[in-house]
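Enquirer:
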Amino acid sequence: MKLPLSWLKDYVDVDVTPEVLEEKLFSCGFEVEETIYVGKNIDKIVVCRIEKIEKHPNADKLNVCQIDAGKWGKLQIVTSAKNISEGDLVPVALDGATLANGERIFNGELRGVKSNGMFCSGEELGITDDFYDGASVNGILILHEDYPLGAEVKKVLGIEDVIFDISVTANRPDCQSILGMAREVAAVLNKPLKMPSLDYIVDKNLKTTDKILVENKAIDLCPRYIGHYVSDIKVEKSPKWITRRLASVGIRGINNIVDITNFVLTEIGQPMHAFDYHNIGGKHIIIRRAENGEKIVTLDKKEFTLCDKNLVICDENKPIALAGVMGGLNSEIESDTKEIVFEAAKFMRDNIRKTSRALGQRSDSSARYEKGIDAYTAQIAMDRALHLIDELKCGRIAADRYDLPEQNLKEKVIETAISKVNRVLGIEVPADTICDILKRLHFGCEIKGDALKVIVPLYREDVESYQDIAEEVIREYGYAHITPTLLKTAAITNGGLSDAQKDAENIKEFFCKCGYNEIITYSFVSEKEFDLYSISKENIVKIVNPLGEEVSVMRKSLVPSMVNTMAKNLNRKNNAARFFELAYVFEGVKDPNDLPKQTRRLCFGAYGEEDFFTLKGVVQELLNEFSYGREVVYKRSVMPYLHPTVSADVYVEGKYIGSFGALHPEIAQASDLDKKVFVGEFDYEALTDTFNKKVYYEAVSKYPSVERDLAVTVDENILCGDLISSIRQAAGKELKKAELFDIYRGDQIAKGKKSMAFNLVYSSLERTLTVEEVDKSIQNVLKALKDAYGAELR
Amino acid sequence: MQDKVNLLLENAKKEVAALQSSRELADLKVKYLGKTGEVTALLKGMKDIPSEKRAEFGKTVNVLKEQVAALFEEKATALKKEEMLKSFEKDAVDITLDGKKVSFGNLHPLNIVRNKVIDAFIGMGFEVFEGPELELDYYCFQALNIPKDHPARDMQDTFYISDNVVLRTHTSPGQVRVMEKKKPPIKILSPGRVYRADDDASHSPMFHQIEGLVVDKGITLCDLKGILDEFVQIMFDKDTKTRLRPSYFPFTEPSVEVDVTCSECHGKGCKLCKGTGWIEILGAGIVNKKVLENCGIDSDEYSGLAFGLGIERTTMIKYGVPDIRTLFENDVRFLKQFGRK
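Note that the protein sequences, when read in sequence, are chains A and B.
Under our numbering, the first residue of the first sequence is numbered 19, with each subsequent residue one higher.
Under our numbering, the first residue of the second sequence is numbered 1314, with each subsequent residue one higher.
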């Protein structure tokens, strides 16, 4: 919110520099986002009289002027300006002057004639008609008052102000106004607050209630509606002191009535509206919900179709204002308006926000209502508006008003204790100081021993408990008084990660050690990816209001994000990379109002110097590390996103935990991947279920082991894993290891066959095994392999 | 005789001196000391020596043999040394070439920072609780004293799944979920992904927070300042200081914004801190008693403090990353930079 220092000074005697004030505001919770020093640049621009205007000897479009610059002497200026005459008072930028925008002006020569400065326009001084009449003309600013020659224009016109742009937190709607900030500034500077004048003279014979009937039929959405009738309106331009104020906060002057509503909105923080009485049908104002399909054209000539969720102000037949958002074109103040009804109301912020969003119609008024308006401020605002009518002598004010429903505003009383307030803070703020601070903030305060009774101003709807009071106290007393303590009254607790949380960290550590880099990708994806990866769209979780289609659905698999990350890296010519991600996937449940299922997946991907076996090596080591000793089976994968013959589904003790392998070539093609890409995804919960919770010692044999190598020929399609399972089953418990060490295809064996060589290791904990025992086992193995797979010993 | 011996010794000296390699040396050694070598030949000639002179002859030849052997020994050592020096030249490697690839991966910088935060607070007795990312409206807002008509709930901030389910906009629901289940003393951190409908150089629609909560008897603003001082000194430098200033969050009262002295200029004022010497890093406060009561905790007996830290912001400050979107591009060249620190 914009706070001009000049306006603030009407209500508080500010005796510190703008910089100090900024610092003070910051310390009590109001951050100044920007400080604008109006007129700061303007330098050496002075009042001059034009004494003589002559044609330039060498240029048709230029004139040579002789001017009187008072103490700066007589000067000659060459100009192309048309709107000047001899005798005019004008602002002149002297040699070395600076304009409002920072531009410098120096003596020069124009077509051979010396020019010792420049006449200035209103724009070059940073002002408009709202600030000084004639400042908006396309030409030189002609000064129409008698100022001393040579005086600084900035001083005589008063182009000097400081505008603070203040960020006000959502709990302090009462500070969204000059008055609200003035209260805070008065408190922090410990100065009295001078209230704006609220008095006005009424015509005792003129009655609002005689002129119009006002009915509030939506008290839930409009807890207070004040309507006040004013006659004998003279619509005209506002005096400069009003338009200057409005200009300083960026509002253009329109006419006195509209300007008064804008003035009150800025100063008091209450949106106001003025209806042209003449156009109120049936002289009857009704506050009600719109009927479905009802229409209104607002002041900006936009038409809206309404529904029963929108609050409207109506006359007997039709809406004449979209409550809190904008007035209707049909009751607009015109230059010939003679009678008006002023409105100051409290509308519920939720309703105004919903209407404003639903219709896409915003205004300063709706923005203000969305932050919240208290019921008390409406009456201050109405009084202030009527005071301004009176002061500008532009209307005759009725003696009574509507105030619906009847208001019974009572200040909140909080009964608490000094010790309770200090217990929040952790320091001992003296009772007197607490009381002093609260009174500065216009709270009532009574202290009896430890008991503290606080009376809360009506506009402070945010203050409800001793905690709020503690905050009021400390923000004025100063956070610098808070001295650090380390939970001195708290119980000692044993912190740390749970076993499950440690597992997650350990898995990540494992992948890092294997050369995989952790990635973090968005949890929402495009629905199109579900099709490309053949992921079922059943129970898909969609975002109602996504930022775009690309990020509109909660993902059910991490694989697409992983592939996209690899594609992006490849695209950037990162020729090899390994990635992993541990994150949630989402699946809807029956009732959309229940929490969807959220489970974790562990995804990993790699490309560059990779093949199926580099991934399998990682998977095997992972399971060896965390699920040591468990039976692991790899089967041809059925996952549609994987290459059908270069991928595996992993089962641990019969339970599926995940899949990995080469990405399906179709997806690779669609993703523009020119390198072979490998990817895998594990169900994190299923994976960690297989983790050994406890480790038991396994005895190691003291006796020498016996090794045998065994080569068999089998058909090409026989899988190594199947042969090893068969070997393990047939060999007996003394077999400790069975590993493939060579595959041979070639001249020595038949076509369509391969030779697989296994290394078998036997040992016993009790004794040295005999040759006969081992030979017997080998015979059993060979028989089993022959029976099951037709394997022949080579 | 003596002349013959002297001549032989002289020749040997000359020839040994002229040797260039160990192999030549071996050949020459055979020529003198081998079975048919010259020295050996002298010894063999002993039988022709008159017996009374034999003893002296034997002695002379043995001395000669020792002298020649010593010559070879000495030369062999010299040659070996010379040859090794030569091999050094030949074996020289370009030590500026890259090493053979041993590739470790890294955690994502956001999780490096997340873990650092967790480590710092674990030392103060905190546990970790992770709540759901899709959250019920009640936990995300209502229980945290954000009523239905609060501006923070606007469609432009919150992603909705249904009227009742949202993508959590902060990790604060973790507070409520913990307090519902656990009675004080409570010291928890709740880290995780959060979501808001915002997307530019300093906002990402998905980002990470860590919520901290302490509920016990007599918890005060001084405790908040104390643990945050401790934390920032672990997270940044030993001399990092904090500054509290008033702010507003519906679920804390009083609420504060916490600034730390700029890690770049140590408070002097620079580009990173926009000349102020301070950088805003987190929001915090004393848990609003309405929140405690919503969770069934007696606000007369217990009080609490809570804080919420943006991990992206902390990461960006810590590592000087200027654009938040860089963190989600997952370019391997970026990810590789953060090591195990």
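For each residue, glycine too, the CB sits at the ideal point set by N, CA and C.
For A/A449, I'd like the list of residues in its chain whose CB is within less than 6 Å of its CB, leaving aside the five on either flank, ordered along the chain.
Expert: I436 and I465.
Enquirer: I'd like to know whether the C-beta atoms of B/R1427 and B/D1470 end up nearer to each other than 7 Å.
Expert: For B/R1427 and B/D1470, no; Cβs fall outside 7 Å.
Enquirer: Please confirm whether A/A704 has its beta-carbon closer than 7 Å to some beta-carbon of chain B.
Expert: No, A/A704 lies away from the interface with chain B (no Cβ there is under 7 Å from its Cβ).
Enquirer: With a threshold of 7 Å between beta-carbons, can B/M1548 be considered close to chain A, or not?
Expert: Taking Cβ atoms only, chain A never reaches closer than 7 Å to B/M1548, which makes this a no.
Enquirer: Per DSSP, what kind of secondary structure is A/C621 in: helix, strand or coil?
Expert: Three-state result, A/C621: strand.
Enquirer: Would you please verify whether the beta carbon of B/D1613 is less than 7 Å from any beta carbon of chain A?
Expert: Cβ-Cβ to chain A under 7 Å: no for B/D1613.
Enquirer: Could you give the distance in angstroms between the alpha-carbon of A/F644 and the alpha-carbon of A/V50?
Expert: Rounded to whole angstroms, A/F644 to A/V50 spans 56 Å at the Cα level.
Enquirer: Note down the Cα distance separating B/M1468 from B/Q1455, rounded to an integer number of angstroms.
Expert: For B/M1468, the pLDDT reaches just 49, beneath the cut-off of 50, and the residue's location in the model is therefore unreliable, leaving the point undetermined.
Enquirer: Under DSSP, the alpha helix (DSSP H) around A/S483 begins and ends at which residues?
Expert: Premise fails: A/S483 is in no alpha helix (DSSP H) and is neither H nor E.
Enquirer: Looking at A/C138 and A/A99, is the spacing between their C-beta atoms short of 7 Å?
Expert: No, the Cβ-Cβ distance between A/A99 and A/C138 is not below 7 Å.
Enquirer: Where does B/R1646 fall in DSSP's three states?
Expert: It is helical.
Enquirer: Under a CB-based cut-off of 7 Å, is A/I432 close to chain B?
Expert: Chain B contact via Cβ: absent.
Enquirer: Let me know if B/T1574 comes out buried or exposed under the rule of 16 or more other beta-carbons within 10 Å of its beta-carbon.
Expert: Result: buried.
Enquirer: Please go through the same chain and pick out, in chain order, the residues whose beta-carbon is closer than 6 Å to the beta-carbon of B/L1622, but skip the five residues on each side of it.
Expert: These residues qualify, in order along the chain: I1523 and L1595.
Enquirer: Counting along the chain, where does the alpha helix (DSSP H) carrying A/G496 start and finish?
Expert: Per DSSP, A/G496 belongs to no alpha helix (DSSP H) and is neither H nor E.
Enquirer: Provide the residue span of the alpha helix (DSSP H) that contains A/F281, from first to last.
Expert: That run of the alpha helix (DSSP H) goes N274 to I286.
Enquirer: Determine, using beta carbons only, whether B/E1566 and A/E489 come nearer to each other than 7 Å.
Expert: Contact: yes.
Enquirer: Contact check, A/V670 vs A/G623 under 8 Å by CB: the rounded distance?
Expert: About 21 Å; that fails the 8 Å criterion.
Enquirer: Mind checking A/F700: buried by the 16 CB within 10 Å criterion, or exposed?
Expert: Buried.
Enquirer: Closer than 9 Å by beta-carbon distance: list the chain A residues that pair up with B/L1648, in chain order.
Expert: Residues of chain A passing the Cβ test: N535, E536, I537, A595 and F597.
Enquirer: Is the segment 116-132 of chain A touching the segment 50-68 of chain A, taking contact as three or more C-beta pairs under 8 Å?
Expert: As far as the Cβ criterion goes, the segment 116-132 of chain A touches the segment 50-68 of chain A, which means the pair count is three or higher.
Enquirer: For A/Q379, which residues in the same chain have their Cβ closer than 6 Å to its Cβ, ignoring the five residues on either side in sequence?
Expert: Excluding residues within five positions, the ones whose Cβ falls inside 6 Å are V343.
Enquirer: With C-beta atoms as the reference, is B/F1651 less than 7 Å away from B/I1459?
Expert: Contact flag unset, no.
Enquirer: Ignore the nearest five residues each way along the sequence and tell me which others in A/N273's own chain have a CB closer than 8 Å to its CB.
Expert: Hits under 8 Å: V253, E254, K255, S256, I351 and S353.
Enquirer: With 7 Å as the threshold, decide whether the Cβ of B/I1474 is near any Cβ in chain A.
Expert: Yes, contact with chain A.
Enquirer: So, using beta-carbon positions, are A/I17 and B/C1535 closer together than 7 Å?
Expert: Lying outside 19 to 812, the shown extent of chain A, residue 17 of chain A is not represented and no answer is given.
Enquirer: With a threshold of 8 Å, are at least 3 pairs of Cβ atoms found where one atom belongs to the segment 403-411 of chain A and the other to the segment 209-219 of chain A?
Expert: These segments touch.
Enquirer: List the residues of chain B that A/G513 touches, going by C-beta distances under 8 Å, in chain order.
Expert: Simply F1434, I1435, G1436, M1437, G1438, F1439, E1440 and K1500.
Enquirer: Taking only beta-carbon atoms, is B/T1533 less than 7 Å away from chain A?
Expert: So, interface residue.
Enquirer: What's the call for B/H1421, buried or exposed, on a 16-neighbour Cβ count within 10 Å?
Expert: The residue in question, B/H1421, is buried, as its Cβ has 16 or more Cβ neighbours within 10 Å.
Enquirer: Strictly by DSSP, which residues pair up with B/F1370?
Expert: Note: B/F1370 sits in no beta bridge, so no partner.
Enquirer: For A/L641, tell me which candidate among A/F709, A/R596 and A/V607 has the shortest Cα-Cα distance.
Expert: Nearest C-alpha to A/L641: A/F709.
Enquirer: For B/M1519, decide whether its Cβ has a neighbour in chain A, counting only Cβ atoms nearer than 7 Å.
Expert: With 7 Å as the cut-off, B/M1519 counts as an interface residue toward chain A.
Enquirer: Please decide whether B/I1523 counts as near chain A, where near means a Cβ-Cβ distance under 7 Å.
Expert: Chain A, which has no Cβ nearer than 7 Å to the Cβ of B/I1523, makes this no.
Enquirer: Rounded to whole angstroms, what is the Cα-Cα separation between A/I445 and B/Y1615?
Expert: Approximately 17 Å, taken between the alpha carbons.
Enquirer: Please classify A/V818: does DSSP put it in a helix, a strand, or coil?
Expert: Here chain A covers residues 19 to 812 and nothing more, so residue 818 of chain A does not appear.
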